[in-house]
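Engineer:
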Amino acid sequence: MKFSLFCSREKRAAAGLPITALVGPIVDIADRQGTAKAVSEPKKPSNLSTKSTISTESALGSDESSSGERLGERGNPERGGAERMRLAGALHHLVRESSQGSRDVQSLQRVCELILAATPTLRLVWIGFCQDTDEQTIGPTAYAGAAMTESAEWALSRDSFDFVAPYKQRVDWQATQEHEFHALFSPWKNSQQECSVTCALAIPLHAEKSMMHGMIVFYADDGSYFKDTGVPAFQALAHVCEIIWKQSHLTFLLTQHARLDRLTGLLNRQRIAHAFTRSAVAIKLANTTQGTQAHEPARPFSILYCYLHDFSKLSALYGWVTADNLLASFATATLSQLREDDKGGRWGTTEFLYILPDTDAMEAAHVLTSFIDHFKSSPVVADSWTIRMGFSVGAATYGIDGVGLDELLQYASQNMRHSTGSNMAYDSPAYQDAARWRFAATTINASSNAETFR
1 MKFSLFCSRE KRAAAGLPIT ALVGPIVDIA DRQGTAKAVS EPKKPSNLST
51 KSTISTESAL GSDESSSGER LGERGNPERG GAERMRLAGA LHHLVRESSQ
101 GSRDVQSLQR VCELILAATP TLRLVWIGFC QDTDEQTIGP TAYAGAAMTE
151 SAEWALSRDS FDFVAPYKQR VDWQATQEHE FHALFSPWKN SQQECSVTCA
201 LAIPLHAEKS MMHGMIVFYA DDGSYFKDTG VPAFQALAHV CEIIWKQSHL
251 TFLLTQHARL DRLTGLLNRQ RIAHAFTRSA VAIKLANTTQ GTQAHEPARP
301 FSILYCYLHD FSKLSALYGW VTADNLLASF ATATLSQLRE DDKGGRWGTT
351 EFLYILPDTD AMEAAHVLTS FIDHFKSSPV VADSWTIRMG FSVGAATYGI
401 DGVGLDELLQ YASQNMRHST GSNMAYDSPA YQDAARWRFA ATTINASSNA
451 ETFR
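What follows is the structure in structure tokens.
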């Protein structure tokens, strides 16, 4: 590559670029009195070729541009003032909508649309987030603009995510070679002639969790647009985007908390009952439509009802923390034996209910058999304990074994199949130690009680 990005404080410091979020060039106070002092310029990195047709610039630094002007200075004050007024209007609109409207991911799409509506110079706004994973390309969470049709793929390289400060990139499309494409302009790698943008400004989005990073990128068709307008206006828009992002993530967590059982990760009792009701209503509507129009009969659905044997013994022997972890591991293992469209929920303390859509009685019996066979050969593992779980499981089909949930649960309870054995330690060297400790503790307690009554 003939240019490089500086995505960490160490790399920026090594290259001599600023690592603090300073707005504009570093100017001494004496400038206000008419005595201008030289602006300190960062040392250019050795691997940044002067012949490179794609240039990466710190948006808050003071590198020299191609015209010899400092990036921090305003190129056209009149135009910059007008653009800042337009962007301020978009910012006001965003703040008002974020306080009144929904706080979901769709709000980020609305952010892109409002920013683009404020100025015709911006051709595209891109918002994306990445985690600390090995993924090399990051797809957009939201993006919009007239330039959307210029590329079929809008994923950006992970290397383009700068977590420290904003930066700009400009490109000379007449001289750019294929191997020089990188970072913010990578979507146009195979469609140079279609590109209508010449400059991009990337601003990091910060979250409370260090493993999550975000970035908003503004693409303009004028190379001096960001210099004229100034970075602070776009930073303000990015800050509103941060707030919406955090609010949408919090809403997602609250929704998950209301839907899922915290211990097992399955649907809670209310949500699995709701899933049953939806499936039953869908069958009734399909049967009603079939009476008026020529349609194939609706496929039935079935349920599996499962409960664990003597689970309190596990808690007494291993402690409630290990017992809870065993319960969570069992719940996760049950989902792996079901199909993608099946839904599972925690019905009681040690009871589980599974909804099997488009499943008749014969297919439900097959699922039940494979369910039992799996746990016969695959014990549950948690906290270095390997346990063969004892449980009973039964199946019932809607419309054949009953139409209400209570009816189906009763039928499944009366026609259950049992796994072999009860809860027992299986291939666990620590089991003997735990059993001896438990026996010793019982003996000591009995001796203490006898001494008390003497």
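Note that full-length UniProt numbering gives residue 420 to position 420 of the sequence shown, counting from 1, and the numbers run on in steps of one.
Idealized CB from N, CA, C, for every residue including glycine.
Compare the C-alpha of D159 against each of R170, A152, S413, C130 and name the closest.
Structural biologist: C130
Engineer: Determine the extent of the alpha helix (DSSP H) in which W320 is found, giving its start and end residues.
Structural biologist: 320 to 336
Engineer: Is the distance from the Cβ of S157 to the Cβ of S186 below 7 angstroms?
Structural biologist: Note that the C-beta distance between S157 and S186 is below 7 angstroms.
Engineer: Per DSSP, T397 is paired with what?
Structural biologist: S302
Engineer: W188 by DSSP, collapsed to three states: which one?
Structural biologist: Here DSSP, grouped into helix, strand and coil, assigns W188 to helix.
Engineer: Whole-angstrom Cβ separation of A233 and R110, contact assumed at under 8 angstroms?
Structural biologist: Contact flag wrong, Cβ pair sits at about 19 angstroms.
Engineer: Where A116 and T350 are concerned, what is the direct C-alpha to C-alpha distance, given to the nearest angstrom?
Structural biologist: Ala is not the amino acid found at residue 116; the sequence shown has Leu there. Our two residues, L116 and T350, have alpha carbons roughly 54 angstroms apart in a direct line.
Engineer: Output the distance between the C-alpha atoms of T359 and V125, rounded to the nearest integer angstrom.
Structural biologist: 46 angstroms
Engineer: To the nearest angstrom, report how far apart L250 and D383 are at their CA atoms.
Structural biologist: 31 angstroms
Engineer: Where do the ends of the alpha helix (DSSP H) carrying L267 lie?
Structural biologist: The continuous stretches of alpha helix (DSSP H) do not include L267, and DSSP gives it neither H nor E.
Engineer: How about G399 and P300: do their beta carbons lie closer than 7 angstroms?
Structural biologist: yes
Engineer: Which of the three DSSP states is assigned to H418 in this structure?
Structural biologist: strand
Engineer: Would you say D342 and Y354 are within 7 angstroms of each other, going by their C-beta atoms?
Structural biologist: yes
Engineer: Roughly how many whole angstroms lie between the Cα atoms of H206 and E242?
Structural biologist: 7 angstroms
Engineer: Considering only C-alpha positions, which residue in the set V393, G404, T322, F352 is nearest to V381?
Structural biologist: Check the Cα spacing between V381 and each of V393, G404, T322, F352: the tightest is with T322.
Engineer: Thinking C-alpha only, which one of R96, F218, T119, G394 is nearest R79?
Structural biologist: When only C-alpha atoms are compared, the closest one is T119.
Engineer: Cα separation between P357 and M215?
Structural biologist: 41 angstroms
Engineer: Classify S196 as helix, strand or coil using the three-state DSSP reduction.
Structural biologist: coil
Engineer: Using a Cβ-Cβ cut-off of 6 angstroms (strictly less than) and excluding sequence neighbours within five positions of residue 498, which residues of its own chain qualify?
Structural biologist: This structure cannot settle anything about residue 498, because the visible part of the chain is limited to 1 through 454.
Engineer: The beta strand (DSSP E) spanning T141 covers which residue range?
Structural biologist: 140 to 144
Engineer: Give me the Cα-Cα distance between S329 and S336, rounded to the nearest whole angstrom.
Structural biologist: Approximately 11 angstroms between the Cα atoms of the pair.
Engineer: Beta-carbon within less than 8 angstroms of S279's beta-carbon, same chain only, minus the 5 sequence neighbours each way: which residues are those?
Structural biologist: F301, I355, P357, Y398
Engineer: With DSSP run on the structure shown, which of helix, strand or coil describes H206?
Structural biologist: Coil at H206, not helix or strand.
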